[in-house]
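Trainee:
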Amino acid sequence: MTGAAAGWTAVDLTDISKRFGGVHALREVSLRVRAGEIHALLGENGAGKSTILKILRGVQVPDSGSIAIKGESFPALSPQLAREKGIGMIFQELSLVPTLTVAQNIFLANEPLTARGLIDDRLMERRAREIFALMRVEIDPTAVVADLLTGQQQLTEIAKALSQNAEVLVLDEPTSALSPAEVDVLFGLLRRLKAEGKAIIYVSHRMDEIFMIADHATVLRDGRLIASRPIAEYTLAGLIADIMGKETRNLSDFVSESSATDEVVLQVEHLSSRQRGGDISFSLRRGEVLGIAGLLGSGRSRLARMLFGLEPVGSGMIRLKGKAVTIGSPTAATEQGIALVPEDRRRQGLVLDHSIQANIEIPILKRLGRSFFVDKKRSRTITDKTIERLAIKTASRAAPANALSGGNQQKIVIGKWLATEPDILIMDEPTAGIDIGAKGEVLRLVRALAAEGKSIVFISSELAELIAVSDRIAVMAEGRLVEMINKSDLLTGDSELRAEQKLQIIVQQGGRAA
Amino acid sequence: MTETTAGTQRGESPLAYLKRTWRQNIIYIGFVVVFAFFAITLHDRGFLDPNNILNIARQTAIIAIMAVAMTLVLSSGEIDLSVGAVAGLASVNTALAIAWGGLPAGIAAGLLTGIAVGLVNGFLSTRLLIPTFLTTLAMMGVAKGAAMWISGTAAIPILDRTYPAIFGGGNLGPLPSLLVWMLAVGIIGHIVLLRTKFGRQVLAVGGNVMAARYSGIDTGRIKMAVIVISATTAALAGMLYAGRLQTGRFQLGEGDELSVIAAAVLGGTSLFGGKGTVVGSIIGALMIGVINNGLILMGLEYSQQLIARGAIIILAVALSQAGSKSGQG
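Line order of the protein sequences matches chains F and W.
Heads up: the first sequence begins at 1 in the numbering used here, then just goes up one per residue.
Heads up: the second sequence begins at 1001 in the numbering used here, then just goes up one per residue.
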């Protein structure tokens, strides 16, 4: 934006091509990143972002094309060489050892030694403290990583890269697990690093972040370079058009009339968690989509787990169709017609090594024939129907879940729960980390399910999406449900603010009254 | 992100299929290769003699039976190190019970030994959350000690005539009854793991215990069941030893746990859970038996046999795992 740095070229990947078997992962893609610039690398899942980053990290060797780091040319990089040349990678799935301390992680495999050749723990801690001081963040180097908040872990990763004198920082979806406050800290740090002349490559699916932080955007689609321009030249619609390559659906398309009926299927009264307390009351009607907004740690996922029998309830009452129930286990929840699409699809949702069919079978084993044996034919039919209905892109139902992209993996998780034919579907961040195309499909599916008469509890941190898909939105703060908003209240009214902004303010304040 | 998917692909020639999946099937290829190698090099020393082949089967059957249950245990992400010692304890209890109350008492005593040990192992692992590696390691010592104590370290003869005929001593038509036991346990195990709801749950628990829990599986119950099945099968193995040798003795089954785990892993079952094949485990056990037998016929000394056997097993496991690290994205 400022163009002030007008930095020299830190990374220059030119005409890179890479094939995996018959698939062109990259065709003559170039990526030029200058020092003192935050460079957004954008594209849907499968566009080639990961591949080009792997080439930059030295994990993959390109078939053709040239690589130059700080003006020095290489035919290919190795992970060691990339690190030596100052490429630092901050992983989406954090790569810290949870049982070691912050300082031990920062200097892992790179530990400073004492004169006697033993690891110098004190020096390590001092240097870690220095790095954190430079970053202007407060993290205790002697703390064990497992005890840190996600945001602090992310910052530790960055400290680790900086300790290795990284000149080029690659951040892949760095904010996906951060609270807004943590995002602010991260963005502040990125801006300072940029001012110091670091080159930063930033991968994210969140467009609002891109416009907030990036200077330049390179867009890939289907392994090709679509555009590389200063972000100032882009409008949101233009950028999304480049990423998706077709007419994009405005989120407001989803603002359809409500399919909610008068029949209350779920009534929650003063529900609190045994361990963490709280106070949640709401009712959910047949055919209704209830959005749940709130900051990270506001108790949204805990509510989902309590309703699904995964977290003990302290006090309060849950009524299903007017009848008071206790839900002691996921099995009981499933039998009562409740399903949960959990927050972390890779850890909680899927057996990654197992086939799509095997994953879909797990929660519906009881329905697959009454006998001891699995009714394979029925299972195949259900799997094929699910693949068709959710448009899961796969070669076969026997493909392992981890061969699919994030969006398609998420569809398997949704599909396996739809196969249980629930009355109430709870979805916890169902669109996190999936590309815009898949996101639109998920949102449309939610509306379609509601129209079929299912009731949906939709938890999300993306407010635009919440507004698009919900009939009403509940705002949570510190384990309590503090506000229930009708969507129409957000969309109408005389305020100058857009609906998301109004909602954001309520979320940030922890309720309208506050 | 662009990787292709595994599984059978339409319009593929058998050769191409084999080329793509040979590493998964390495145990079968390996078994054929090893067998052919000994058949050719040792044809003049009676390797292919029907008696020798039956001998191999007889020696391997008990390991194979335990390997079937171990396949379930490993598939669920657990391990059972106590199988050998439990076999010894069951053989002692069976022999003593036969002397005291005849055949039914003997059979009941043997099986109850397994169920009891399994319940203890299972309780410690699923309720007190002690890893099975530790509970079964400790149980290995406890079971062996109990067997030594009860028997006064002496061999206890089985005088009943019917018992050995049923449990591993006699023949059923042309087949040694041990082989029949192996086939029966193998077929049941194969069907349980592959075709039943219980088997699906075992694999899901081993593949991702958290996802299994979120999917409504009672993971503790599944683990408990698998652990009890393993101990009971180990007890059955001990009863077969006792029948074959017409003796109950604490040393029976000693050290078998390693052969059993080796057979399962050799067959393609993952030590980390989520993946298991009963047929592979049985072939794995047979392969170890063939190697042992072949090396003896070749005239190798015991010390050399140990080294050669270790090298062959490592080679087979290395080949089967080298290609299984799937590239990520």
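C-beta: ideal position from N, C-alpha, C; glycine also.
For aspartate 353 (chain F), collect the residues of the same chain with a Cβ closer than 6 Å to its Cβ; drop the 5 residues on either side in sequence, then sort them by chain order.
Mentor: Pro400
Trainee: Quickly, what does DSSP pair threonine 1233 (chain W) with across the bridge? List them, please.
Mentor: In DSSP, threonine 1233 (chain W) forms no bridge with anything.
Trainee: Taking threonine 1263 (chain W) and alanine 1067 (chain W) to be in contact with their CB atoms under 8 Å, please state how far apart those CB atoms are, rounded to whole angstroms.
Mentor: For the record, residue 1263 (chain W) in the displayed sequence is alanine; it is not threonine. That pair is a contact at about 4 Å.
Trainee: Relative to the ligand FAD, is the shortest distance from any of its heavy atoms to the C-beta of glycine 1189 (chain W) smaller than 7 Å?
Mentor: The ligand FAD is not part of the structure shown, which contains no ligands of any sort.
Trainee: Is there a C-beta anywhere in chain W that falls below 8 Å from the one on aspartate 353 (chain F)?
Mentor: yes
Trainee: What residues from chain F crowd round glutamine 1201 (chain W), counting only those whose CB sits closer than 9 Å?
Mentor: Near glutamine 1201 (chain W) (Cβ distances below 9 Å), the residues of chain F are Ile362, Leu365.
Trainee: Would you list the residues sitting across from glutamate 37 (chain F) in a DSSP beta bridge?
Mentor: F:Ala199
Trainee: Please confirm whether valine 1279 (chain W) and isoleucine 1056 (chain W) have their CB atoms less than 8 Å apart.
Mentor: Cβ atoms of valine 1279 (chain W) and isoleucine 1056 (chain W): not closer than 8 Å.
Trainee: I want to verify the contact list: residues of chain F whose CB lies under 8 Å from the CB of aspartate 1218 (chain W), in sequence order.
Mentor: Ser329, Thr331
Trainee: For methionine 244 (chain F) and glutamate 44 (chain F), which I take to be in contact (beta-carbon distance under 8 Å), what is that distance rounded to the nearest angstrom?
Mentor: Right, their Cβ atoms sit about 7 Å apart.
Trainee: Between the Cα of glutamine 60 (chain F) and the Cα atoms of F:Ile240, F:Ala82, F:Gly46, F:Phe211, which residue gives the shortest distance?
Mentor: F:Ala82
Trainee: My assumption, with CB atoms under 8 Å, is that glycine 294 (chain F) sits in contact with valine 507 (chain F). Please give the rounded CB distance.
Mentor: 6 Å
Trainee: Do the stretch 1079 to 1099 of chain W and the stretch 1182 to 1201 of chain W make contact, defined as three or more Cβ pairs closer than 8 Å?
Mentor: no
Trainee: Strictly by DSSP, which residues pair up with proline 400 (chain F)?
Mentor: F:Ser355
Trainee: Would you mind stating whether arginine 32 (chain F) and aspartate 12 (chain F) have Cβ atoms separated by less than 8 Å?
Mentor: Taking 8 Å as the Cβ cut-off, arginine 32 (chain F) and aspartate 12 (chain F) qualify as a contacting pair.
Trainee: Reducing DSSP to helix, strand and coil, say where arginine 1309 (chain W) ends up.
Mentor: Collapsing the DSSP output to three states places arginine 1309 (chain W) in a helix.
Trainee: Considering only the alpha carbon of each residue, which of W:Pro1050, W:Phe1272, W:Ile1098, W:Val1032 lies closest to threonine 1078 (chain W)?
Mentor: The sequence as given places glutamate at residue 1078 (chain W); threonine does not occur at that position. Cα-wise, what sits closest to glutamate 1078 (chain W) is W:Phe1272.
Trainee: Could you run through the stretch 369 to 381 of chain F and flag, in chain order, every residue whose CB is less than 7 Å away from some CB of chain W?
Mentor: Phe372, Phe373, Val374
Trainee: Taking all protein chains shown into account, decide if threonine 1004 (chain W) is buried (16 or more other Cβ within 10 angstroms of its Cβ) or exposed.
Mentor: With a pLDDT of 35 at threonine 1004 (chain W), under the threshold of 50, the modelled position of this residue cannot be trusted; read the value that follows with caution. Per the 10 Å Cβ criterion, exposed.
Trainee: Have a look at glycine 349 (chain F) and glutamate 343 (chain F) and give me their C-alpha separation to the nearest angstrom.
Mentor: Roughly 8 Å between the two C-alpha positions.
Trainee: Looking at chain F, is there any beta carbon in it that lies within less than 8 Å of the beta carbon of serine 1215 (chain W)?
Mentor: yes
Trainee: May I have the straight-line CA-CA distance separating isoleucine 515 (chain F) from glycine 415 (chain F), to the nearest angstrom?
Mentor: Since the first residue of chain F shown is 1 and the last is 514, residue 515 (chain F) is not available in this structure.
Trainee: Here's a check: name, in chain order, each residue in its chain whose Cβ is nearer than 8 Å to the Cβ of glutamate 247 (chain F), leaving out the five neighbours to either side.
Mentor: At glutamate 247 (chain F), the pLDDT of 40 sits below 50, so the modelled position is not reliable; the number obtained from the coordinates is stated separately. Closer than 8 Å at Cβ, skipping near neighbours: Ala241.
Trainee: Keeping to the same chain, check which residues put their C-beta closer than 6 Å to that of serine 1326 (chain W); ignore five residues upstream and five downstream.
Mentor: Below a pLDDT of 50, predicted positions are generally treated as unreliable, and serine 1326 (chain W), at 39, falls in that range; the measurement from the model is reported next regardless. So the list is empty, once near-sequence residues are dropped.
Trainee: For a contact defined as C-beta to C-beta under 8 Å, what are the partners of arginine 1249 (chain W) on chain F?
Mentor: Those do not exist, as arginine 1249 (chain W) stays about 37 Å from chain F at its closest Cβ, beyond 8 Å.
Trainee: Mapping the DSSP letters down to three states, classify asparagine 1051 (chain W) as helix, strand or coil.
Mentor: helix
Trainee: Along the chain, where does the beta strand (DSSP E) that runs through phenylalanine 1037 (chain W) open and close?
Mentor: Element bounds for phenylalanine 1037 (chain W): not the beta strand (DSSP E) but the alpha helix (DSSP H), 1026 to 1041.
Trainee: Pull up the CB-CB distance for isoleucine 485 (chain F) and valine 469 (chain F), whole angstroms please, since I reckon it's below 8 Å.
Mentor: Not really, about 14 Å apart at Cβ, beyond 8 Å.
Trainee: Are the Cβ atoms of leucine 463 (chain F) and leucine 503 (chain F) separated by less than 8 Å?
Mentor: yes
Trainee: Please name the residue in W:Ser1082, W:Glu1301, W:Leu1103 whose C-alpha comes closest to that of arginine 1161 (chain W).
Mentor: W:Leu1103
Trainee: CA-CA distance, alanine 537 (chain F) and leucine 118 (chain F)?
Mentor: Within the shown structure, residues of chain F are numbered from 1 to 514, placing residue 537 (chain F) beyond reach of any answer.
Trainee: Among all the DSSP beta bridges, which residues are the ones paired with leucine 284 (chain F)?
Mentor: F:Leu266
Trainee: Leucine 149 (chain F) to arginine 1213 (chain W), Cα distance in whole Å?
Mentor: 25 Å
Trainee: With the cut-off set at 8 Å, would you say alanine 304 (chain F) and arginine 285 (chain F) are in Cβ contact?
Mentor: For alanine 304 (chain F) and arginine 285 (chain F), no; Cβs fall outside 8 Å.
Trainee: What in chain W is Cβ-close to glycine 349 (chain F), meaning under 8 Å?
Mentor: Ala1211, Tyr1214
Trainee: Taking the beta strand (DSSP E) that leucine 528 (chain F) falls in, what are its first and last residues?
Mentor: Chain F is shown only over 1 to 514; residue 528 (chain F) falls outside these bounds and no answer can be derived.
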